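J.:
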Amino acid sequence: MKAYIINLKHSIDRRTYMEEQCRKLPFLSIEYINAVDGRSMNTEERTIAFDEKEFEKRYSVKVRPGEIGCTLSHQKCYKKMVEEHLPYALILEDDISLSVDIKTVLEKIGEMMQTGIPTVVLLSGWYWYGNTTHLEGEYKLANVYDAFLTHSYVINLAAAKLLIETRPYITADDWYYIRHKGVKLQAVLPHLINQLWDGDLTTTVNVEPGRNKSLKWKLLNLPRLSTMKFLKFIGHFEEA
0 MKAYIINLKH SIDRRTYMEE QCRKLPFLSI EYINAVDGRS MNTEERTIAF DEKEFEKRYS
60 VKVRPGEIGC TLSHQKCYKK MVEEHLPYAL ILEDDISLSV DIKTVLEKIG EMMQTGIPTV
120 VLLSGWYWYG NTTHLEGEYK LANVYDAFLT HSYVINLAAA KLLIETRPYI TADDWYYIRH
180 KGVKLQAVLP HLINQLWDGD LTTTVNVEPG RNKSLKWKLL NLPRLSTMKF LKFIGHFEEA
């Protein structure tokens, strides 16, 4: 399986760390993707590459440079997949922590990803889900309602094509948006890969508490938040 690892060029320590982690994954074909550093982009560059106004409309907050960089970095992976016409690929950020053997599960996921249906399978936690089916051994495949985090997931070619945008305006881990765009969103239960919380790439859960919780945002997302609360109440929430 091809694996893209997103890594800021100047983060040599992260590159070294991931090279050590990848020794546990000899069955993967690894390619490092130079992450987009949103903090080094000027106003014109940001305007061309990212729609900040639409972002503010969606989240009721102004976008941060790190969020722009994270989204554009994942977009680079999708475009790379399409260029190479890969049927599917594993996307990793440079702050993952491997503690279990993932080979057998990844092979099983690879078999099911060769479909024309846009599909993403999360290997991370922090998701709310509905029904489940057996995947492999102790693992199940959960149908995801909503999720955060982007440090580890498998995506197929159909989904990559669907998610490529000229001027994206979402956080990379806006899986609710991605699901409503037409992607079949699933996750491994229990999750396979954890994240170190001091990484360079910023996702929704890395911002300070309350950032995306203005009154306007809460009102606009009341049905969504209510469903998430119910799913957690019945035990259908996988922590990170």
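Its first residue numbered 0, the sequence shown is counted upward by one per residue in numbering that gives the first Met the number 0. Yeah, the Cβ is synthetic: ideal placement off N, Cα and C, and Gly gets one too. Small disclaimer: the values here were computed from a predicted structure and weren't measured.
With DSSP as the reference, identify every bridge partner of Y152, one or two as the case may be.
T.: Y152 is bridged to I90, L121.
J.: In the DSSP output, which residue or residues are listed as bridge partners for Q185?
T.: Partner(s): V120, N142.
J.: With burial defined as no fewer than 16 other Cβ atoms inside 10 Å of the residue's Cβ, what is the status of K113: buried or exposed?
T.: A small correction: the amino acid at residue 113 is Gln; Lys does not occupy that position in the sequence shown. Label assigned to Q113: exposed.
J.: Cα-Cα, which of V153, K8, I177, I169 is closest to L161?
T.: The candidate whose alpha carbon is nearest that of L161 is I177.
J.: Under the three-state reduction of DSSP, which class applies to I192: helix, strand or coil?
T.: I192 falls in the strand class under three-state DSSP.
J.: Would you mind stating whether L71 and F54 have Cβ atoms separated by less than 8 angstroms?
T.: No. Outside cutoff.
J.: Could you give the first and the last residue of the continuous alpha helix (DSSP H) run that contains I163?
T.: It is not in any alpha helix (DSSP H) - I163 carries neither H nor E in the DSSP assignment.
J.: Should Y176 be flagged as near chain B, meaning a C-beta pair shorter than 8 angstroms?
T.: Within the model displayed, chain B is absent; a lone protein chain is all it includes.
J.: By the DSSP assignment, the alpha helix (DSSP H) with E110 in it spans what residues?
T.: Its alpha helix (DSSP H) spans residues 102-111.
J.: Roughly how far, in whole angstroms, is the beta-carbon of L188 from the beta-carbon of Y138, given that I think they are within contact range, below 8 angstroms?
T.: Indeed, because the Cβ distance is near 7 angstroms, the residues count as touching under 8 angstroms.
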